[in-house]
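Data block below; observations after.
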Amino acid sequence: MSTSDPHIPSGEPDPMIDSTSPPSTTRGAAARAAAAHAADRPAPTPPPGTDATDTPSSVVREPVAEPVVEPVAGRPSYAATATHTPAAHADVTPPPVAPTTRTDVVEPVPPRSTGFGGHLWGVLIGVLATAAALALGLVGQGRILGVQADTWDASLDVWGIAFVTAAVLVLAVVVYLGARTAAAPISGGILAAVAGAVFLYAPGIARNETMRWLATTNSRDTVSHATVAGTSGTILLVGFLLLMAGVATAAAKRRGRVLGEFRERGRAA
């Protein structure tokens, strides 16, 4: 064994590192020396007569008191008042995220389509409501013309004005029903247009038949003046406008349906 290190065999000389030695020789000797010193060594044993429990296993350090910084007079102590409560933000609900694309938007509930029964009710309501509106309008115009038949003045017939106003409101309801089914204004417009064409293009026949079926002793003058309003083209004008309103409503609904299907196909693609 070598006298310098018990782990180096005695047969091998101690490694000598010299600047004149070749790099490979110097590097190999240094590696062997480092490996020899890095070998495990037995733990040191206490001298005889010493108890093993007397040897401290670890060093206990005394706690060092932290320095206390006194606040300067006239300045607030931020160290004493500042508190950090990270848990206060734990219950905060994040704001809702707005949709970024068209597919993220929640689709509304589509409206119910009108079936055959709905269209049938539309035709029935359109015919009855239009007939009532024409009757109210003609009676109202007849009363107004009866007051101003001889010499025109500023006198008014209140009931005549009320009847004409009611006729306008009923026709407005018929047009509005076109949003549900276009059959209501279309059927009412056809009825009024046919009746107006008869009064306009065959006034003699229309007047005679109207007076024969509707005129009485008390209402003869009113019915006579109403036929004058009908033969002047008022009924045909109202019927044509009502018919065109129904056709336009149906076309708008059909166009909206086609446009919706086109957009749906583009969104799916």
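Each residue of the sequence shown is one higher than the one before, counting from 1 in the working numbering.
Backbone N, C-alpha and C fix where the C-beta goes; we use that ideal spot for every residue, glycine too.
Asked                                                                                                                                  : Found
First through last residue of the alpha helix (DSSP H) which encompasses residue 202                                                   : Unbroken run through residue 202: none, as it is neither H nor E.
Contact between the region 197–217 and the region 114–124 (3+ Cβ pairs under 8 Å)                                                      : no
Touching by the beta-carbon criterion (3+ pairs, under 8 Å), the region 218–235 and the region 135–151                                 : yes
Between the CA atoms of residue 150 and residue 270 - distance to the nearest angstrom                                                 : Missing from the structure shown is residue 270; the chain here goes from 1 to 269 and no further.
Same chain, Cβ closer than 6 Å to residue 240, neighbours up to 5 away in sequence not counted                                         : 193
Beta-carbon separation (whole angstroms), residue 172 vs residue 136, contact threshold 8 Å                                            : That pair is no contact at about 13 Å.
Burial state of residue 259, where buried means 16 or more other Cβ atoms lie within 10 Å                                              : exposed
Rounded straight-line distance, which links the Cα of residue 153 to that of residue 182                                               : 43 Å
Span of the alpha helix (DSSP H), counted from its first residue to its last, around residue 145                                       : 116–147
Residue 222 burial status per 10 Å Cβ neighbour count (16 or more: buried)                                                             : buried
Member of 164, 179, 267 whose CA lies at the smallest distance from the CA of residue 145                                              : 164
Rounded straight-line distance, which links the Cα of residue 178 to that of residue 243                                               : 11 Å
Residue burial classification, residue 236 (beta-carbon count within 10 angstroms, cutoff 16)                                          : buried
Proximity of residue 191 and residue 234 at Cβ, strictly below 8 Å                                                                     : no
Residues of its chain near residue 238, where Cβ-Cβ distance is below 6 Å and the 5 sequence neighbours each way are ignored           : 192
Limits of the unbroken alpha helix (DSSP H) element including residue 236                                                              : 234–268
Same chain, Cβ closer than 6 Å to residue 175, five either side skipped, listed in chain order                                         : 185, 245
8 Å contact criterion, which residue 132 and residue 158 should meet: CB distance rounded                                              : At roughly 20 Å, the Cβ-Cβ gap does not stay under 8 Å, so residue 132 and residue 158 are not in contact.
Among 180, 122, 147, 196, the one whose alpha carbon lies nearest that of residue 253                                                  : 180
Contacts around residue 155, its chain only, beta-carbon distance under 8 Å, and the 5 residues preceding and following it disregarded : 147, 148
Distance between residue 188 and residue 207 (C-alpha atoms, nearest Å)                                                                : 22 Å
Inter-residue Cα distance where the pair is residue 121 and residue 200                                                                : 30 Å
Cβ-based neighbour list, residue 124, same chain, cut-off 6 Å, excluding 5 preceding and 5 following                                   : none
Start and end residues, alpha helix (DSSP H) containing residue 222                                                                    : 220–231
Where the alpha helix (DSSP H) through residue 165 begins and ends                                                                     : 158–176
Three-state secondary structure (DSSP) of residue 154                                                                                  : coil
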